[in-house]
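Note sheet for the following structure.
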Amino acid sequence: MTSPFSYSTTYKLDKSHFSETFDESTSAKQPASAYYKATGLVVFGLVILLMTPLSAYAAWFIIVLGIVEALGVYFRKPWWLARQMISRAANTQLTLTIDEQGVSSESESVQSQILWIDVNALEKTSRGWMLHHGKVKSYVSSRCLSSEAEDFMHTKADLIQQQVQIDAKP
8 MTSPFSYSTT YKLDKSHFSE TFDESTSAKQ PASAYYKATG LVVFGLVILL
58 MTPLSAYAAW FIIVLGIVEA LGVYFRKPWW LARQMISRAA NTQLTLTIDE
108 QGVSSESESV QSQILWIDVN ALEKTSRGWM LHHGKVKSYV SSRCLSSEAE
158 DFMHTKADLI QQQVQIDAKP
């Protein structure tokens, strides 16, 4: 009889961890559609500025708002990293536990548990695992997993995929 699997590790939530999490959980390319809102705001501001008798201050405000939006899209990763690094979770120790029940994490500021029955998909990325549960994605880095934990995640990914296929059949 085999014993239930349980793996636990502790690691620091540092800039390299947050950077890897961002890289693995977002799409590699930024589509031009990400700039639609910024372009729309700039064009709308120019229309107000050039074609209406409204105050130029309002028009310039909208134009600058469009420029700030474009900068936010362009500098998306540095902005996200800066927000993570000033959060309470930055530079704290996180204890990750993977077992038969699910994946749980605990630190000074975070305590969460994702049950396997709630996971819709478990996909292997180039540097870790992406857990899809509901409309939320959570990332687990492979650099903190042992080979046994990796094997367990592969097994769980196969089981979840089989369950999804069974559920999809009429």
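Residue numbers (the working numbering): 8 to 177.
No residue lacks a Cβ here, since even glycine has one placed at the ideal position from N, Cα and C.
What you are looking at is a predicted structure, and each value in this text was computed from that prediction instead of being measured.
query, result
"DSSP three-state label for residue 108, please.", "coil"
"Considering only residues of the same chain and omitting the five flanking positions on each side of residue 172, which have a CB-CB separation below 7 Å?", "none"
"Using beta-carbon positions only, say whether residue 115 and residue 102 come within less than 8 Å of one another.", "no"
"Return the chain-ordered list of same chain residues with a C-beta closer than 6 Å to the C-beta of residue 8, the five sequence neighbours on each side being excluded.", "With a pLDDT of 47 at residue 8, under the threshold of 50, the modelled position of this residue cannot be trusted, and the question is left open."
"Do you know how far the Cα of residue 139 is from the Cα of residue 104?", "17 Å"
"Based on the DSSP output, what are the partners of residue 135 in its beta bridges?", "148"
"Give me the Cβ distance between residue 225 and residue 56, rounded to the nearest whole Å; I'm assuming they're in contact under 8 Å.", "With the chain represented from 8 up to 177, any question about residue 225 goes unanswered, as that position is not in the structure."
"Take residue 81 as the anchor and find which of 137, 41, 13, 10 has the nearest alpha-carbon.", "41"
"Which same chain residues, not among the five before or five after residue 87, have their C-beta less than 6 Å away from its C-beta?", "29"
"Quick check on the DSSP output: what are the complete alpha helix (DSSP H) runs of length 4 or more inside the stretch 57-99, in order along the chain?", "63-81, 83-92"
"Cβ atoms of residue 51 and residue 74: under 8 Å apart, would you say?", "no"
"Just to confirm, is the Cβ distance from residue 159 to residue 25 under 8 Å?", "no"
"Check the DSSP bridge columns for residue 15 and list the partner residues they point to.", "104"
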